[in-house]
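*Asks:* Going by our numbering, the first residue of the sequence shown is number 6, and it counts up by one from there. For glycine and all other residues, C-beta sits at the position ideal for the given N, C-alpha and C. Questions regarding the structure given below will be posed in turn.
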Amino acid sequence: MESHMYIQVNDVSKKIKGVTVLNHMSFNIEKGTVTILKGPNGSGKTMILRTICGLVKPDQGSITVDQRKISFGKQLPVTMGVIIETPDFINTYTGFQNLKFLASINGAPDPEQIQHYLSQMGMTAYQHQKVTKYSLGMRQRLAIVQAFMENEEVVLLDEPTNALDTDGLVRLNSLIEVQRQKGTTIIIATHSHQEIQVPGQQVIHIENGMVKGALRDA
Numbered sequence: 006m007e008s009h010m011y012i013q014v015n016d017v018s019k020k021i022k023g024v025t026v027l028n029h030m031s032f033n034i035e036k037g038t039v040t041i042l043k044g045p046n047g048s049g050k051t052m053i054l055r056t057i058c059g060l061v062k063p064d065q066g067s068i069t070v071d072q073r074k075i076s077f078g079k080q081l082p083v084t085m086g087v088i089i090e091t092p093d094f095i096n097t098y099t100g101f102q103n104l105k106f107l108a109s110i111n112g113a114p115d116p117e118q119i120q121h122y123l124s125q126m127g128m129t130a131y132q133h134q135k136v137t138k139y140s141l142g143m144r145q146r147l148a149i150v151q152a153f154m155e156n157e158e159v160v161l162l163d164e165p166t167n168a169l170d171t172d173g174l175v176r177l178n179s180l181i182e183v184q185r186q187k188g189t190t191i192i193i194a195t196h197s198h199q200e201i202q203v204p205g206q207q208v209i210h211i212e213n214g215m216v217k218g219a220l221r222d223a
């Protein structure tokens with residue numbers, strides 16, 4: 006598959022209540038790759054994810070996906086699956102009902118596809134339990150399923166390893182690699198990238214709203 010600069014973050018800056026949270030940030034991402042945004046809490050990782058998916062308007066700079074500009078509050082040029090901050094589900098619904106409801110927002114849900122991703126994350130046995138009974142780790146697994154279940158072109162994951170046990174981490178890494186091989190472009194924000202290990206992943210170090218360096222793992 007021919008690679009090109011699919012996502013381009015160009016000189017993006019943002020201030021919140023007078024505090025600079027993104028400071029002339031620039032980086033490029035190839036299509037069908039995994040990129041880790043690594044940095045401490047408050048470094049700007051979550052904010053740039055929110056900007057990429059159009060939830061936040063930058064004060065300056067631009068973001069393009071597949072050569073089309075991301076515009077705040079407007080329809081995205083490509084489909085995106087997103088986990089940003091704490092997953093929020095309807096507690097009185099089961100895990101499966103939550104996923105079916107969320108999928109229905111974008112059209113007719115595919116129950117078989119939902120079941121497939123539940124199985125990938127080891128959630129088949131718990132899918133008919135109400136979410137109010139889920140542990141934090143189970144909620145996180147459900148959120149990961151939600152991000153991937155519609156085979157989105159781009160998936161943004163903010164601290165996806167939070168509350169996951171060893172089995173959850175293994176399943177997440179496997180799912181990320183499978184989706185990468187399908188051509189999904191995946192961006193992961195984390196304070197510790199050692200828990201995500203995918204061949205060829207790009208690691209971008211972010212600090213104080215700036216890119217401090219980048220490397221590509223073997």
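Is there contact between the region 106-124 and the region 159-171, where contact requires at least three CB pairs shorter than 8 Å?
*Replies:* Counting Cβ pairs under 8 Å, fewer than three are found: no touch.
*Asks:* Tell me whether the beta-carbon of Val-136 lies closer than 8 Å to the beta-carbon of Ile-95.
*Replies:* Yes, these two residues count as a Cβ contact at 8 Å.
*Asks:* Three or more C-beta pairs closer than 8 Å, one from the region 147-164 and one from the region 182-194: is that the case here?
*Replies:* Judged by Cβ distances under 8 Å, the region 147-164 makes contact with the region 182-194, as three or more pairs qualify.
*Asks:* What are the boundary residues of the alpha helix (DSSP H) that Ile-57 is part of?
*Replies:* Segment 50-57, the alpha helix (DSSP H) holding Ile-57.
*Asks:* Closer than 8 Å by C-beta to Leu-210: which residues in its own chain qualify, once you throw out the five before and the five after it? Chain order, please.
*Replies:* Correcting the residue type first, residue 210 is His in the shown sequence and not Leu. These residues qualify, in order along the chain: Lys-43, Gly-44, Val-216, Lys-217, Gly-218, Ala-219.
*Asks:* By alpha-carbon positions, which one of Ile-68, Leu-162, Ile-41 ends up nearest to Ser-197?
*Replies:* Here the closest residue by C-alpha is Ile-41.
*Asks:* Which residue from Glu-212, Val-208, Asn-213, Gly-214 puts its Cα closest to that of Asp-222?
*Replies:* Asp-222 has its Cα closest to that of Val-208, out of Glu-212, Val-208, Asn-213, Gly-214.
*Asks:* At which residue ranges does the region 101-165 contain complete beta strand (DSSP E) runs of 3 or more residues, listed in the order of the chain?
*Replies:* List check, beta strand (DSSP E) in window: 159-163.
*Asks:* With burial defined as no fewer than 16 other Cβ atoms inside 10 Å of the residue's Cβ, what is the status of Met-6: buried or exposed?
*Replies:* A caution first: Met-6 carries a pLDDT of 42, below 50, which makes its placement in the model unreliable, though a value can still be read off. Exposed is the call here.
*Asks:* Buried or exposed: where does Phe-106 fall if 16 or more other Cβ atoms within 10 Å of its Cβ makes it buried?
*Replies:* Exposed, by the Cβ-count rule.
*Asks:* What residue range is occupied by the uninterrupted alpha helix (DSSP H) comprising Asp-64?
*Replies:* Careful: Asp-64 lies outside any alpha helix (DSSP H) and carries neither H nor E.
*Asks:* Let's see if you can read the secondary structure: which residues bound the alpha helix (DSSP H) around Ile-209?
*Replies:* Note, Ile-209: premise wrong, no alpha helix (DSSP H); beta strand (DSSP E) at 207-212.
*Asks:* If I follow the unbroken alpha helix (DSSP H) through Gln-293, where does it start and stop?
*Replies:* In the structure displayed, the chain extends from 6 to 223; residue 293 sits before or after that span and is not available.
*Asks:* Does DSSP put Asn-33 in a helix, in a strand, or in coil?
*Replies:* Strand at Asn-33.
*Asks:* Reducing DSSP to helix, strand and coil, say where Leu-27 ends up.
*Replies:* Note: Leu-27 maps to strand in three-state DSSP.
*Asks:* So Ile-75 and Gly-59 are in contact, right, with Cβ under 8 Å, and what is the actual spacing, rounded?
*Replies:* Rounded, the Cβ-Cβ distance is 5 Å, consistent with contact.
*Asks:* Among the candidates Leu-177, Leu-81, Asp-16, whose CA atom is the shortest distance from the CA of Asp-64?
*Replies:* Cα-wise, what sits closest to Asp-64 is Asp-16.
*Asks:* Can you tell me whether DSSP reads Gly-173 as helix, strand or coil?
*Replies:* Three-state DSSP puts Gly-173 in a helix.
*Asks:* For Ile-181, which three-state DSSP category applies?
*Replies:* If DSSP states are grouped into helix, strand and coil, Ile-181 belongs with the helices.
*Asks:* Within its chain, find whatever has a CB closer than 7 Å to the CB of Met-52; leave out the 5 residues flanking it on each side and keep chain order.
*Replies:* Excluding residues within five positions, the ones whose Cβ falls inside 7 Å are Lys-19, Val-26, Leu-27, Val-61.
*Asks:* When DSSP builds the beta bridges, which residues end up paired with Lys-187?
*Replies:* Answer is none; Lys-187 lacks a bridge partner.
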